[in-house]
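S.K.: This is the structure I have questions about; it appears just below.
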Amino acid sequence: MKNAKIIGVGKALPELVVSNKMMEEIVDTNDKWIREMTGIENRHVVTTETTTSLATDAAREALLDAGLPAEEVDMILVATMTPDDFMPSTACKVQHALGAVNASALDVSAACSGFVYAMSVADQFIKTGKMQNILVIGAEVITKTIDWEDRTTCVIFADGAGAVVLTASDEEGIVATDLGAKGEPGDILRTPALNNNNHFAQTEAERSVMTMDGQTVFRFSTKIFGQSVRKVLEGTGYGIEDIDIFVPHQANVRIIDYAASRLKVDVDRFYVNLNKRGNTSAATIPIALADMNEEGLLKKGMLICCTGFGGGLTWGSALIRI
Ligand code: COA
């Protein structure tokens, strides 16, 4: 049986960087509160960029890093909850932009856990021998769904894309994945979609903006993190002490601190880039992998654990040998 091995990583970020100081001019907030309560200092926000353009740029970088021609990609999975269109999918648009003519294409919707879900889907196709090369992308333009007058959300969320190329290998790669969902209480993180404006059933218009019960999300996230890490390790022969670096979903630095202390792991073993990237939902983990690669922190042979959690509610972990 082959393993899904990461052979390339890439990222794309919008050009505009918005600092906490700039946020102070938009809503009643301040740099100190944002830093202390979330760990965020700057975030990238789209102006002209789209989910497709960010996803395509991240994918191009990952393919270049892997040295893999686009025509050799068998499948493109895009984790996103902010596609440019309901149809065609972002994955199909990326397939066209890359010229990945031999790839099937599918969007995966699992909010901030989307990238880990997509990695797990890709892993199954590679393990069964059905596919050789899969491009997994996390891409979001979350700031398009934000109410810019809601200071509890607009200071947190940001935009960007990250991508990895997985290939079938005899070496160890994705060791195991754990996925979970809990539809109740899904409403604590919600972005409504279409209003029913058909001829027969006109419903009251609902704005398509994100709402969040921050404290409940916080409690859920800190609890589920450790549970998912322990679950993904089950039956692998590895323990928490074998993980070189944890690559958590970058939601809030206090969630990361809590998760580390609950796992009794030094927080230095957690990679954090939230300060400069904000919460880009499904894109946080692949952007983190690309940032780590750039910083020389993603070393061959190391064991990493990527853990995501968020809307749905959903969560998931991927234990990966680099
Ligand atoms: N700037 C300044 N003050 C703010 C603020 C902001 N951006 N947002 C909220 N506040 C204020 C509140 O109005 C409140 O003031 P009050 O005490 O005078 O009423 C105070 O700060 C505390 O607000 P509260 O909402 O109770 O804070 P909190 O401790 O829950 O922290 C979050 C808020 C959002 C930082 C926190 O709940 C959190 O991080 N939750 C998880 C969110 C998350 O990660 N979501 C994504 C998951 S994928």
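Residue numbering for the sequence shown follows this note's numbering, beginning at 5 and increasing consecutively. The beta carbon of each residue, even a glycine, is placed where N, CA and C say it ideally should be. Keep in mind it's a predicted model, so treat the numbers as computed, not measured.
1. In the DSSP assignment, what residue or residues form a beta bridge with Trp319?
2. Report the residue ranges of all beta strand (DSSP E) runs contained in full by the stretch 50-102; include only those spanning at least 3 residues, in chain order.
3. Taking Val251 as the reference, give the member of Thr51, Ile291 and Val145 with the closest Cα.
4. Gly43 and Leu278 - do their beta-carbons sit closer together than 9 Å?
5. What are the partner residues of Leu193, as DSSP defines its beta bridges?
6. Below 8 Å on the Cβ atoms is my contact criterion, and I expect Ala286 with Met85 to pass it. Report the Cβ-Cβ distance as a whole number of Å.
7. For Asn24 and Val257, I'd like the C-alpha separation in whole angstroms.
8. What I want to know is whether the C-beta of Cys116 ends up closer than 8 Å to one or more non-hydrogen atoms of the ligand COA.
9. Is it true that the stretch 13-23 meets the stretch 152-170, where meeting means three or more beta-carbon pairs spaced less than 8 Å apart?
10. Quick one: what's got a C-beta closer than 8 Å to Val50's C-beta in the same chain, skipping five residues either side?
11. Can you confirm whether the stretch 229-241 touches the stretch 176-190 when touching is taken to mean that 3 or more C-beta pairs between the two stretches lie within less than 8 Å?
12. With 16 other CB atoms within 10 Å as the buried threshold, where does Thr56 fall?
13. Nearest to Ala143 by CA position, among Cys116, Leu72 and Thr33, is which residue?
14. For Asp127, which of helix, strand or coil comes out of DSSP?
15. For the ligand COA, any of its heavy atoms closer than 8 Å to the Cβ of Val112?
16. Say the cut is 8 Å; is the CB of Phe222 nearer than that to a heavy atom of the ligand COA?
17. Could you spell out the range, first to last residue, of the beta strand (DSSP E) harbouring Asp111?
18. Below 8 Å on the Cβ atoms is my guess for Ile324 versus Ile178; work out the distance and round it to an integer in Å.
M.R.: On the basis of the supplied data:
1. According to DSSP, which records beta bridges pairwise, Trp319 is partnered with Gly184 and Phe313.
2. Assignment of beta strand (DSSP E) within the stretch 50-102, counting only whole runs of 3 or more residues, yields 79-83 in chain order.
3. Per the Cα distances, Ile291.
4. Yes, they are a contact pair.
5. Bridge partners of Leu193: Met216.
6. Indeed they touch by this definition, with Cβ atoms about 7 Å apart.
7. Linking Asn24 to Val257 through their CA atoms gives a straight-line distance of about 16 Å.
8. A heavy atom of the ligand COA is found nearer than 8 Å to the CB of Cys116.
9. The stretch 13-23 vs the stretch 152-170: in contact.
10. The beta carbon of Val50 lies closer than 8 Å to those of Pro18, Leu20, Leu58, Val145, Thr147, Lys148 and Asp163 in the same chain, with the five residues before and after it left out.
11. Cβ pair count under 8 Å is three or more, so yes.
12. Buried.
13. For the set Cys116, Leu72 and Thr33, the Cα lying nearest the Cα of Ala143 is the one of Cys116.
14. Correct three-state label for Asp127: helix.
15. Relative to the ligand COA, the beta carbon of Val112 is positioned no closer than 8 Å to any heavy atom.
16. Phe222: yes, Cβ under 8 Å from the ligand COA.
17. Per DSSP, Asp111 belongs to the beta strand (DSSP E) from Ser108 to Val112.
18. About 5 Å separates the two Cβ atoms, so the contact holds.
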